[in-house]
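Taking it in order: structure first as structure tokens, then the write-up.
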């Protein structure tokens, strides 16, 4: 359990100083010694050797992004992977991170240790150095963790540079994240770096809020995304959850969010089949799907059905703060 | 008021998308266009031209670091200044920042706009670029903001490199932060960069948890800080608050925390009076005080009274999560 009734297991019992030294111990080899790691006013980073420096931040809050059904280790791992997915979306390579914890005094020390097991294993796995952070107190029963991650990209691929006639692709399968997929995902770092090197690739982002909403953001101005709904790669989890929700599996694939797959576009004049063959040779195990094309269209709505040419408005995706 | 009863003033009414575009508008010139500012998966930073890159993170939570008595603008300004003080403590120059907001659905849009006025004015004042961030939802009645700031330092001054016989100095006056000083402070960036260039300066940190506690951290191993208590520069606010608290003004100066002044050491073999004259010429308006010296001592306690040579144990400073 994330919150404890046992005073001796609470971080209030531990106190700030012991908590910080425990965190350093829990992180072990993924936090270098000060000033390159925890312990000074700032962390001193290794010079960014090649490429452009990247910076991103993302948070996880108990009750919002995870709940009691999720293991502490999975929660810690996900915090790192969410941020890695943003670095991947630029075609980048991750480097150093700082972690701010906002903990109620009743957060369980045992739970937090497991959380850091996830942070540590994932950071080591993806070569992320945890170089510093901050611990501060919030209300009883509350826990948030905010990770800020640096990285580099030789030639960052942006999300707003797609053009009219570009072909639209997604990696993997979409939907059903609520069935645990949003913990099991692997950030597409290697694939994204490969894509960043392909001259056809015009734009890229990671899918976090659902394909419907993310496509509206990704769509160039004065264009709409003409989508072949039959082509959408629907995840098995989306089919399973559809049986429970009585909604269509396609709707889950379009709206659930937290797919952490790549959405990218390739130049309309390029040779699609050659590009797809190169992909298949490089990543035989990761499904790649052409889902549509950007067409000239100055209406507000950014999604069209490629068969009927009609506006698709039923796929809003996830939005924070919006009442149901 | 930070939280609103009026639905139309709440960020829940606004929704995430409008909130983000409002934030971009509120930040105005202190956030560059994407991908160098908000709007892509990561922010692309300008290459770190000279010196070593620095990274630091610090948070502000309603009810912990500020309350209803503090204006939204002051709260926003303080978030930036706290982090600037950490960059200063390394002798660095600030560069880019990302901001993670954790907001209850009842946070007032009007309040948040004023908060960003403080963020914006302070960022512009100190040449900080707000390049990105994250907004996510937490419980009703809760608000935290986490800022992560990058910077560079030609030759970072560390906090654990003081040596035996080093003379100990503090800038400015200490104590009484509760009387509003912790909003009015100016991060000592210029002074710290000057100190980083002086060959005598061995170590530096900023005073955040109270001189008593911070000195224990600053003290080299197998040493103690022999402190001249009569020399401690006590702020007027500490004298004022002492009348209300019935504690000694000195105790407030040693323990209150949030002074955001510099604590540094200079080599014991250097010419103190020459160093002090150079300081006075460079910063005629900022008081500099020699408060003691590091002496060999292998006891656990790190604070000694220079007159009696006895252990000073009554100045613990501020610690999160500790029960009163």
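Residue numbers (the working numbering), protein chains in the order written: chain A, 1 to 324; chain B, 325 to 648.
All C-beta atoms, glycine included, are put in the ideal place defined by N, C-alpha and C.
Since the structure is predicted, the reported quantities are computational estimates derived from the model, not experimental observations.
Integer-rounded CB distance, given that residue 362/B should sit under 8 Å from residue 456/B: 5 Å
Go through the stretch 28 to 102 of chain A residue by residue and report every complete run of the beta strand (DSSP E) that reaches 3 residues or more, in order. 52 to 61
What residue does the beta strand (DSSP E) around residue 588/B start on, and which one ends it? 586 to 590
Can you name the residues of chain A whose CB is closer than 8 Å to the CB of residue 608/B? Within chain A, no residue comes near residue 608/B; the closest Cβ sits about 26 Å away, beyond 8 Å.
Which residues in chain A have a C-beta closer than 8 Å to the C-beta of residue 424/B? List them in chain order. 57, 58, 59, 100, 146 and 148
Simplified DSSP state of residue 126/A, which is helix, strand or coil: coil
Whole angstroms is fine: what's the gap from residue 599/B's alpha carbon to residue 608/B's? 13 Å
Same chain, Cβ closer than 8 Å to residue 31/A, neighbours up to 5 away in sequence not counted: 24, 37, 38, 129, 130 and 131
Helix, strand or coil for residue 323/A, going by three-state DSSP, please let me know. Model confidence at residue 323/A stands at a pLDDT of 44, short of 50, so the residue's coordinates are unreliable; what they give is reported in the following sentence. It is coil, neither helix nor strand.
Beta-carbon neighbours of residue 53/A, restricted to chain B and to distances below 7 Å: 369, 371 and 372
Simplified DSSP state of residue 460/B, which is helix, strand or coil: strand
Report the residue ranges of all beta strand (DSSP E) runs contained in full by the stretch 504 to 578 of chain B; include only those spanning at least 3 residues, in chain order. 525 to 530 and 547 to 551
Helix, strand or coil for residue 328/B? Go by DSSP, reduced to three states. coil
Around the Cβ of residue 300/A, are there at least 16 other Cβ atoms within 10 angstroms (buried) or fewer (exposed)? exposed
Touch test, the stretch 247 to 256 of chain A against the stretch 157 to 167 of chain A, Cβ-Cβ under 8 Å, three pairs minimum: no
Listed in chain order, which residues of the stretch 427 to 454 of chain B have Cβ atoms closer than 7 Å to some Cβ of chain A? 429
Is DSSP giving residue 271/A helix, strand or coil here? coil
Residues sharing a beta bridge with residue 292/A, DSSP: 168/A and 227/A
Is it true that the CB of residue 261/A sits closer than 8 Å to the CB of residue 188/A? yes
Using the Cα positions of residue 468/B and residue 431/B, report the straight-line distance between them to the nearest angstrom. 11 Å
Taking only beta-carbon positions, decide if residue 96/A is within less than 8 Å of chain B. yes
Indicate whether at least one CB of chain A lies closer than 8 Å to the CB of residue 525/B. no
Can you find a C-beta in chain B that's less than 8 Å from the C-beta of residue 193/A? no
Since residue 86/A meets chain B, which of its residues come closer than 7 Å, beta carbon to beta carbon? 365 and 366
Can you look up residue 153/A in the DSSP assignment and give me helix, strand or coil? strand
Chain-order list of residues whose beta-carbon lies under 7 Å from that of residue 58/A (same chain, five-residue window excluded): 82, 83, 86 and 147
Return the chain-ordered list of same chain residues with a C-beta closer than 6 Å to the C-beta of residue 124/A, the five sequence neighbours on each side being excluded. 30
Kindly indicate which three-state DSSP category residue 430/B falls into: helix, strand or coil? coil
Using a 10 Å radius around the Cβ and a threshold of 16 neighbouring Cβ atoms, would you call residue 323/A buried or exposed? In this prediction, residue 323/A has a pLDDT of 44, which is less than 50 and means its spatial position is unreliable; nothing more can be read from the coordinates.
In the DSSP output, which residue or residues are listed as bridge partners for residue 439/B? Residue 439/B is not bridged to any residue.
Beta carbon of residue 403/B, beta carbon of residue 474/B: below 8 Å? no
Any C-beta of chain A under 8 Å from that of residue 480/B: yes
Any idea what DSSP makes of residue 342/B, helix, strand or coil? helix
Check the C-beta distance from residue 377/B over to residue 45/A and give it rounded, since I have them as a contact under 8 Å. 4 Å
Exposed unless 16 or more other CB atoms sit within 10 angstroms - verdict on residue 221/A: exposed
Partners in chain B for residue 38/A, counting only beta-carbon separations shorter than 7 Å: What residue 38/A touches in chain B: nothing, since even the nearest Cβ is about 11 Å away.
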